[in-house]
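Take a look at the structure set out below.
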Amino acid sequence: MSPEQIEERLRAQRAALAASVDEFASRADPRTQAREAGEHLREQASAKVDHLREQAAAGADRLREEAVAGAGRLREEARRLAEQAEETWERAKQGDSEATSALAKAAAVAGGVVTAGVVLTRLARR
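Residues in the sequence shown are numbered from 1 upward in steps of one, following full-length UniProt numbering.
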């Protein structure tokens with residue numbers, strides 16, 4: 001090897017070493033570490049927020065579906081009780097005291113069921 005080649009090789013090695021030292025110094029710099037840690041925390045927080053939003057949306061959809069299904073069941077029960085109340089009403093008109101008492105109870109229950117159905121339906125629409 002000629003002296004010029006040796007000089008060139010040494011210059012290249014010095015440049016590579018200087019670049020390595022600069023890279024190491026930037027990694028060891030507290031400001032750089034704090035910035036990178038902050039970026040990492042922001043990424044984690046953003047991912048967690050996205051995950052929680054997805055879970056909340058899925059939960060809201062599930063609750064809405066359950067409310068609609070529950071409202072449908074309540075409407076059916078209200079219809080059944082209304083039919084039963086009508087039959088009891090006819091018996092009460094004929095003077096059946098037991099039917100009169102049952103009619104009062106059935107009317108109270110049907111009113112409660114209808115009210116609950118209306119409330120659940122409105123909640124499901126939100």
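Where a beta carbon is used, it is the ideal one built from N, C-alpha and C, also for glycine.
Asked	Found
Apply the 10 Å Cβ neighbour rule to VAL113 and answer buried if 16 or more other Cβ atoms are within range, or exposed otherwise.	buried
Would you call THR88 buried or exposed, if buried means 16 or more other Cβ atoms sit within 10 Å of its Cβ?	buried
Please check the pair LEU81 and VAL118, which I expect to be a contact at CB under 8 Å, by giving their CB distance rounded to whole angstroms.	No, LEU81 and VAL118 are not in contact; Cβ-Cβ is about 15 Å, not under 8 Å.
For the alpha helix (DSSP H) containing GLY112, list its first residue and its last residue.	97-125
Helix, strand or coil: which one does DSSP assign to SER46?	helix
Compare the beta carbon distance of ALA124 and ALA56 with 8 Å and say whether it is the shorter of the two.	no
Where ALA18 and GLU36 are concerned, what is the direct C-alpha to C-alpha distance, given to the nearest angstrom?	23 Å
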